[in-house]
Amino acid sequence: IVFDKTGTLTHATPTVAQVVPFGGRDERDVLCVAACLEEHYPHSMANAVVKEAVRRGISHAEMHSEVEYVVAHGIASRIDGEKVVIGSYHFVFEDEGCVIPTQEQVMFDALPPEYSHLYLAIGGTLAGVICVADPLREEASAVLNSLRKLGISKAVMMTGDNERTAAVIAKEVGVDEYFAEVLPEDKARFVEQEKAAGRTVVMIG
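Counting the sequence shown from 1 gives a position; this note's numbering is that position plus 1202.
In structure tokens, the structure reads:
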């Protein structure tokens, strides 16, 4: 059995737990720009960012021009002539080649692993990380135990989240195997591979 994480093993109502600014910016700046981009994106994590901006009384007037979605990765736009991206680690650092400000690697490495992370970069440099709490459903572990008693031999979790966060959630829920930073097509490919190996697969997302 293969589980998607967000909204399946976890509640579908994530909330912003922490905003960590980088490069001399402050929390309000980071949240303002993030909300401006995320309000165009119909996803529970995006909704959490917009709600937090509203909760803090931050007005995120439209600052950007076009908005470009990169499926399961994030959003790219331009503000005052600078490229702005928000999304997964893979998207921001690997695909877009953004960098962590000099002298701030230690702070980056200390980001709390129990949260999902949204990375915001402006002009190719990390501007902030939004830590999103996405708590496990209380019944998740019990459901997995029941499924095993029914004869399910392997439980797998697949998520677009980063490796550290995925590892924490996987341990809490008790899956046999997990995959982090995966795209929708990776999930489909995994199911096809398992079926080709002769297994009966259930995918829940």
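We put the beta carbon where it would ideally sit given N, CA and C, even for glycine.
Burial state of residue i (16 or more Cβ within 10 Å)
i, result
"V1404", "exposed"
"A1398", "exposed"
"K1373", "exposed"
"L1320", "buried"
Residue i versus the options, residue with shortest Cα-Cα distance
i, options, result
"E1284", "P1315, V1331, V1370 and G1326", "G1326"
"N1364", "S1318, E1396 and L1352", "S1318"
"C1238", "P1386, V1294, A1278 and T1217", "A1278"
"K1356", "Y1243, A1368, V1377 and G1362", "V1377"
"E1270", "T1402, Y1243, R1258 and R1257", "Y1243"
"G1276", "A1236, D1336 and V1393", "A1236"
"G1226", "F1295, D1336, R1391 and T1304", "T1304"
Distance cut-off 7 Å: residue i Cβ against heavy atoms of the ligand COA
i, result
"E1229", "With respect to the ligand COA, the structure shown offers nothing to examine, as it has no ligands at all."
Distance between beta carbons of residue j and residue i, contact taken as under 8 Å
i, j, result
"I1203", "I1354", "5 Å"
"V1334", "A1250", "5 Å"
"C1300", "I1260", "Contact doesn't hold; Cβ gap of about 23 Å is too wide."
"R1339", "T1212", "6 Å"
Separation of residue j from residue i, as counted between CA atoms
i, j, result
"A1255", "A1382", "28 Å"
"A1344", "I1406", "16 Å"
"I1302", "F1310", "8 Å"
"V1232", "R1350", "44 Å"
"V1358", "E1396", "11 Å"
"A1312", "G1400", "43 Å"
"R1148", "D1297", "The displayed coordinates of the chain run from 1203 to 1407. Any statement about residue 1148 would go beyond what the structure contains."
"M1360", "A1342", "15 Å"
"G1362", "A1329", "21 Å"
"S1348", "D1282", "54 Å"
"A1368", "E1379", "10 Å"
"M1247", "P1216", "6 Å"
"I1332", "R1257", "15 Å"
"F1295", "Q1307", "13 Å"
"P1337", "Y1291", "20 Å"
"V1218", "P1314", "13 Å"
"F1205", "L1322", "28 Å"
"E1316", "T1210", "17 Å"
"R1391", "H1245", "23 Å"
"I1324", "L1352", "50 Å"
Residues near residue i by beta carbon distance below 7 Å, same chain, minus five either side
i, result
"E1229", "V1221 and P1223"
"E1387", "none"
Beta-carbon contacts of residue i that lie in its chain and below 8 Å, excluding the five residues immediately before and after
i, result
"V1272", "A1278, G1289, F1293 and D1297"
"V1393", "V1204, V1403 and M1405"
6 Å Cβ shell around residue i - same chain, five flanking residues per side excluded
i, result
"L1346", "A1357 and G1376"
"E1241", "V1252"
"K1389", "M1360"
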